[in-house]
Amino acid sequence: MIRARKSAWFERLFAVYNRNLIARRFEGLRVAGLEHLRDRPRDVPLVLYANHSSWWDGLVAFQIGRVLALDQYAMMEEQHLREYPFHRRLGAFSVVRENAREAARSIEYAGELLRGTSRVLWIFPQGVTLPNDVRPLRLYTGAAHIIKQTGTVYVAPVAMRYEFLDDFRPDILVRVGEVERIETGANFNAKKVTGLLTENLTSTLDRVCGDIIQRDLTHYEEIVAPRRKGRRVKSPESLSTADKGKAS
0 MIRARKSAWF ERLFAVYNRN LIARRFEGLR VAGLEHLRDR PRDVPLVLYA
50 NHSSWWDGLV AFQIGRVLAL DQYAMMEEQH LREYPFHRRL GAFSVVRENA
100 REAARSIEYA GELLRGTSRV LWIFPQGVTL PNDVRPLRLY TGAAHIIKQT
150 GTVYVAPVAM RYEFLDDFRP DILVRVGEVE RIETGANFNA KKVTGLLTEN
200 LTSTLDRVCG DIIQRDLTHY EEIVAPRRKG RRVKSPESLS TADKGKAS
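Written as structure tokens, this is what we have:
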């Protein structure tokens, strides 16, 4: 497996690039539930498990972590990490889910990274990119096995969506669910824990969808604002309203 080789100076440099990249390509990055991460206890590590619907997911996760100054790591498919090896300097390490022995090594390494610290691990337990509305969600048990390797941890679901609303570019909308403490012991059951994670991630994703349908984004905090070049592109609705005003 490929281990992480975090570099503080590279993280600072990449954070500037990443923020500008998101600002250019999207109508901003907004997050609900950041208070769950800001207010979490720091006595044990935190595992953030997210849906995986886009190539952008890892960059969005990184940006959230930078805003909150998290000491974060991420599990990444080995093939992708070999293609983009600079992610190692951001805290990424590899996993080969198709190889049980290699997957076990990655899980053991994750436990070593987290155990006895307040570090944060991002994991995308669906294993592949899938549309947000696929139901039921199916999560690999890797997250549960990492929890078992680590000992006591906090966990929280993170739901990400990329939506075209009223603008030329899509918005990134993220919701962080409540942080839960999971104790490991003799009765720990990876399948039951995976079921709990699946249920929580599904409900968090559904809540983001509901927020979008209701156009209720008041609880979403903008952590990356869009970059404007010249005049903002107007939606058809705003153009038609302007035309009516001129006609009157």
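Each residue of the sequence shown is one higher than the last, beginning at 0 in numbering that gives the first Met the number 0.
Cβ atoms here follow ideal geometry from the backbone N, Cα and C, with glycine treated the same way.
- Counting along the chain, the unbroken alpha helix (DSSP H) around Phe9 starts and ends at 7 to 24.
- Tyr139 and Trp8 have their C-alpha atoms some 34 Å from each other.
- The beta carbons of Gly64 and Asp170 sit about 20 Å from each other, so the pair does not count as a contact at 8 Å.
- Inter-residue distance for Met74 and Tyr83 is about 13 Å (C-alpha atoms, whole angstroms).
- Secondary structure of Glu77 (DSSP, three-state): helix.
- Under DSSP, Pro156 forms a beta bridge with Tyr48.
- For Asn50, the number of other beta carbons within 10 angstroms of its own is at least 16, and it is reported as buried.
- Looking at the DSSP output, Ser93 sits in a beta bridge with Met75.
- Leu69 is positioned such that its CB atom lies no closer than 8 Å to that of Ile1.
- Bounds of the beta strand (DSSP E) holding Leu120 are 119 to 122.
- With a threshold of 16 other beta carbon atoms within 10 Å, Trp121 meets it and is buried.
- Under a 10 Å Cβ-count criterion, Ile106 is classified as buried, with 16 or more other Cβ atoms of the shown protein chains found around its own Cβ.
- Between the beta-carbon of Ala31 and that of Arg174 there is about 5 Å, and that keeps the pair under the 8 Å contact cut.
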